[in-house]
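Numbering (the working numbering), first residue to last: -11 to 423.
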């Protein structure tokens, strides 16, 4: 059982006693009752001395902790209660149709009286027992065994259940179903159906909560991933901008040195001319050089900032567009996939159900047609009966002629004709079956 996949299973008539129930719970959930745990030597000595001094003294374990439910390996433990007399009454008086395998009960579900052929076919049904007496005897033993273990089993299973601490709702695992003589099978089935619906709805709450947590976790991880991508993209853009600024700075420095070298000769000539012509000429040359240098510096700075801003703008635009598109798109696609998955799953299950009903109807129709085909009238037996009656009548009227050779030849001829007629009927029925 430990190798069975967690897709759900049902155990009937098991466990049958307290030891089996304890072993089953311990194997699947690890649960072990306090009374089954090994006691320390001091506790054993104390209990022994208490019994020796006063047999009325009983030790009790006390604990103060938060109330919690003990989950069981079973989502629901259904105990169907019915008296011994009622169980025997339902087992006795059953009839079975050997053709269809349908089981009828003379009182609870009798066979239709209008179907005379069905009533003729019905046979006594005792299940896996040899006779009605054997069935009654073994049912009595089973009931005695159940009564011996009923109190301990119900007391043990009554302590299991499920508790949702968020909503504060609890659900006991044990479900008692009254199936006595005063209740019909439909009433007992309705009670079991309602209990199953409670179990399923309780489990659905946890499943919905787990699904919401998983969905929120996926969204949170996606947001963290997008934030990490944004941080990486911003760091890369800043690094590119710094590199471009350093490159532009180095380029401006080289151009300034080169301009300084080229302007040394004109500066000297301007100085000489200024010395010869006077101060105003030198002042105009210096103003021109300052104006050109300032214009070049402003132009280079403007170009550098333009390149950096263009690179950041283009990259940022693509980045923001990709990040926003990815986040919204993936959330939207996830919700659409979820809705489509549920819708397609419902449609697929509906198609499977319709196909199964169609296959079942087809098999039932084929079975009915085959039974009708097998039960169709055949004239072979009539031919044989007619031949036997004719032969017996002739033997009674003329007993002495049976040993006559001509009589024997005539009998052989009639036997051969009968054989040919029977084979003709067989071939005709074979042709009908092939059609």
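Ideal placement from N, C-alpha and C gives every residue a C-beta, glycine not left out. In this text the structure is predicted, and so the values were computed from the model without any measurement.
Residue environment, residue i, which counts as buried when at least 16 other CB atoms sit within 10 Å
i, result
"residue 58", "exposed"
"residue 358", "exposed"
"residue 167", "buried"
"residue 172", "exposed"
"residue 325", "exposed"
"residue 204", "exposed"
"residue 123", "buried"
"residue 13", "buried"
"residue 148", "buried"
"residue -1", "exposed"
"residue 293", "Below a pLDDT of 50, predicted positions are generally treated as unreliable, and residue 293, at 44, falls in that range; the measurement from the model is reported next regardless. Exposed, because fewer than 16 other Cβ atoms sit within 10 Å of the Cβ of residue 293."
Beta-carbon separation (whole angstroms), residue i vs residue j, contact threshold 8 Å
i, j, result
"residue 402", "residue 375", "7 Å"
"residue 161", "residue 60", "5 Å"
"residue 165", "residue 63", "No, residue 165 and residue 63 are not in contact; Cβ-Cβ is about 15 Å, not under 8 Å."
"residue 83", "residue 112", "7 Å"
"residue 15", "residue 144", "That belief does not hold up - the Cβ atoms of residue 15 and residue 144 are roughly 15 Å apart, past 8 Å."
"residue 127", "residue 79", "6 Å"
"residue 92", "residue 99", "4 Å"
"residue 399", "residue 371", "Wrong, their Cβ atoms sit about 16 Å apart, outside the cutoff."
"residue 66", "residue 180", "6 Å"
Neighbourhood of residue i by C-beta distance below 8 Å, restricted to the same chain and skipping five residues each side
i, result
"residue 414", "368"
"residue 155", "193"
"residue 86", "109 and 111"
"residue 190", "150, 152, 157 and 159"
"residue 417", "366"
"residue 300", "Caution is warranted here: a pLDDT of 42 is assigned to residue 300, below 50, making its placement in the model unreliable, and the coordinate value is therefore given only provisionally. Closer than 8 Å at the Cβ level, and outside the excluded window around residue 300, lie 225 and 229."
"residue 383", "390"
Same chain, Cβ closer than 6 Å to residue i, five either side skipped, listed in chain order
i, result
"residue 146", "162"
"residue 423", "none"
"residue 3", "9 and 12"
"residue 183", "163"
"residue 169", "74"
"residue 27", "none"
"residue 406", "375"
"residue 17", "61"
Contacts around residue i, its chain only, beta-carbon distance under 7 Å, and the 5 residues preceding and following it disregarded
i, result
"residue 120", "80 and 114"
"residue 265", "Because the pLDDT at residue 265 is just 46, under 50, the model does not fix this residue reliably, and the value given afterwards should be weighed accordingly. Excluding positions up to five away in sequence, the list is empty."
"residue 88", "none"
"residue 197", "none"
"residue 380", "none"
CB contact check: residue i to chain D, cutoff 8 Å
i, result
"residue 405", "Absent from the structure is chain D; it holds one protein chain and no more."
Contact test: residue i Cβ vs the ligand ATP heavy atom, cutoff 7 Å
i, result
"residue 104", "Of ligands this structure carries none, so the ligand ATP is not represented either."
Are there three or more Cβ pairs, one per stretch, closer than 8 Å when the region 65 to 78 is compared with the region 125 to 141? Enough Cβ pairs lie closer than 8 Å, so yes.
With contact counted as at least three CB pairs below 8 Å, one residue from each stretch, are the region 315 to 335 and the region 198 to 210 in contact? Yes, since at least three Cβ pairs between the region 315 to 335 and the region 198 to 210 fall closer than 8 Å, the two stretches touch.
List in chain order: all unbroken beta strand (DSSP E) runs of 3+ residues lying wholly within the region 343 to 384. With a minimum length of 3 residues, no continuous beta strand (DSSP E) run stays inside the region 343 to 384.
To test your reading of the DSSP string, which unbroken alpha helix (DSSP H) runs of 4 or more residues are found completely within the region 145 to 185? Listed in chain order, there is nothing to give.
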